[in-house]
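**Student:** A single structure is presented below for examination.
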Amino acid sequence: MNSAVFTARSLTKTYVSGETEVHALRGVDLEITPGEVVVLLGPSGSGKSTLLNIMGGLDQATSGQLFFRGEELTHLDDRGLTTYRRQHVGFVFQFYNLMPSLTAYENVSLVTEISDDPMRPDEALALVGLEERINHFPSQLSGGEQQRVAIARAIAKRPDVLLCDEPTGALDSKTGIRVIDALLSINAQFGTTTLIITHNAIIQDVADRVLFFTDGQISNIRKNEGRRAAAELNW
Ligand code: ADP
Numbered sequence: 000m001n002s003a004v005f006t007a008r009s010l011t012k013t014y015v016s017g018e019t020e021v022h023a024l025r026g027v028d029l030e031i032t033p034g035e036v037v038v039l040l041g042p043s044g045s046g047k048s049t050l051l052n053i054m055g056g057l058d059q060a061t062s063g064q065l066f067f068r069g070e071e072l073t074h075l076d077d078r079g080l081t082t083y084r085r086q087h088v089g090f091v092f093q094f095y096n097l098m099p100s101l102t103a104y105e106n107v108s109l110v111t112e113i114s115d116d117p118m119r120p121d122e123a124l125a126l127v128g129l130e131e132r133i134n135h136f137p138s139q140l141s142g143g144e145q146q147r148v149a150i151a152r153a154i155a156k157r158p159d160v161l162l163c164d165e166p167t168g169a170l171d172s173k174t175g176i177r178v179i180d181a182l183l184s185i186n187a188q189f190g191t192t193t194l195i196i197t198h199n200a201i202i203q204d205v206a207d208r209v210l211f212f213t214d215g216q217i218s219n220i221r222k223n224e225g226r227r228a229a230a231e232l233n234w
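Residue 92 in numbering that gives the first Met the number 0 is what sits at position 93 of the sequence shown, and the numbering runs on without skipping anything.
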């Protein structure tokens, strides 16, 4: 039996607007193993976000197949994808998308209130080192702290996979390290399969595997012999 978390077979995505077709994915084959940390690298427009969005059930592929633990996501309708996202996927984006009028605790509660077996919000915030900040509003937190609230929100429902699109894109290197460190610590504690898109090639050293994207395809895959800790990265 195939134990992969994700299996993609000849996955394509074509965006059509008017007369123009954009081939964002041109046939992606891939397997992701449980607990892996995978970094996606490649030039802007090479299809990384498109793949992550399809894996996260935010977008539909045009052709090909995508399986999550043997279940074919590419067969699900919008409702099925919403259930899949709710039960299995945490997202972290470049911009934190926190509610400005809610505290860190309340921002995380928004998710825990609608999840089946969530952590307590203070527990999730402690996991990212923000136990002292739970009653702060986003405007009272630094960018890195806000991103860690967003990570706490993403992991509070105990997702199987954490999909991160440029999580350090808006941060300086020092805070970026803390954010990557938080992601790695969640992975180590819970075995959360973690995919990270980044423009910062230095981050690739924390991964088990690095996927290089070129023009809608995976042009190379590199397996790292040993992962490096975030603090060891030379930013
Ligand atoms: P990356 O994440 O590597 O920067 P993307 O997956 O965002 O690349 O984009 C791949 C290609 O698909 C780009 O040419 C982009 O302009 C195009 N694209 C992405 N989303 C859309 C969309 N919603 N509509 C039309 N084209 C899109």
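All C-beta atoms, glycine included, are put in the ideal place defined by N, C-alpha and C. Since the structure is predicted, the reported quantities are computational estimates derived from the model, not experimental observations.
Pull the bridge partners of Ser62 from the DSSP assignment, please.
**Tutor:** Beta-bridge pairing links Ser62 to Thr11.
**Student:** Check this for me: beta carbons of Leu321 and Leu161, under 8 Å apart or not?
**Tutor:** As displayed, the chain neither begins before 0 nor continues past 234, which places residue 321 out of reach and without an answer.
**Student:** Locate the beta strand (DSSP E) running through Gln216, then write down its first and last residues.
**Tutor:** First-last of the beta strand (DSSP E) with Gln216: Gln216 to Lys222.
**Student:** Just the C-alpha distance for Gly119 and Thr111, rounded to the nearest angstrom, thanks.
**Tutor:** Before going further, note that residue 119 is Arg rather than Gly in the sequence given. Cα-Cα distance, rounded: 7 Å.
**Student:** Assuming Leu194 is part of the beta strand (DSSP E), what are its boundary residues?
**Tutor:** That run of the beta strand (DSSP E) goes Thr192 to Ile196.
**Student:** Could you tell me the boundaries of the alpha helix (DSSP H) in which Ile31 lies?
**Tutor:** Per DSSP, Ile31 belongs to no alpha helix (DSSP H); it is in the beta strand (DSSP E), Thr19 to Ile31.
**Student:** Does the structure place the stretch 169-185 close enough to the stretch 17-32 that three or more beta carbon pairs sit under 8 Å?
**Tutor:** No, because fewer than three Cβ pairs between the stretch 17-32 and the stretch 169-185 fall closer than 8 Å, the two stretches do not touch.
**Student:** Mind listing, in chain order, the continuous beta strand (DSSP E) runs of no fewer than 3 residues lying wholly within the stretch 154-203?
**Tutor:** With a minimum length of 3 residues, the continuous beta strand (DSSP E) runs that stay inside the stretch 154-203 are 160-164 and 192-196.
**Student:** In the DSSP assignment, find the unbroken alpha helix (DSSP H) run with Gly89 in it and report its ends.
**Tutor:** No alpha helix (DSSP H) holds Gly89; the beta strand (DSSP E) holding it covers Val88 to Phe92.
**Student:** Is the closest heavy atom of the ligand ADP to the C-beta of Thr11 under 7 Å?
**Tutor:** No, the Cβ of Thr11 stays beyond 7 Å of every heavy atom of the ligand ADP.
**Student:** Check whether the Cβ atoms of Ala3 and Ile31 lie closer than 8 Å to each other.
**Tutor:** A contact, by the Cβ cut-off of 8 Å.
**Student:** Measuring alpha carbon to alpha carbon, tell me which residue in Leu232, Asp180 and His87 is nearest Ile154.
**Tutor:** With distances taken between Cα atoms, Ile154 lies closest to His87.
**Student:** State the Cα-Cα distance for the pair Gly17 and Gln203, rounded to the nearest angstrom.
**Tutor:** About 38 Å.
**Student:** So, with DSSP's three-state summary, where would you put Leu210?
**Tutor:** Of the three classes helix, strand and coil, the one that applies to Leu210 here is strand, per DSSP.
**Student:** Indicate the three-state DSSP secondary structure (helix, strand or coil) for Ser108 in the structure shown.
**Tutor:** Three-state result, Ser108: helix.
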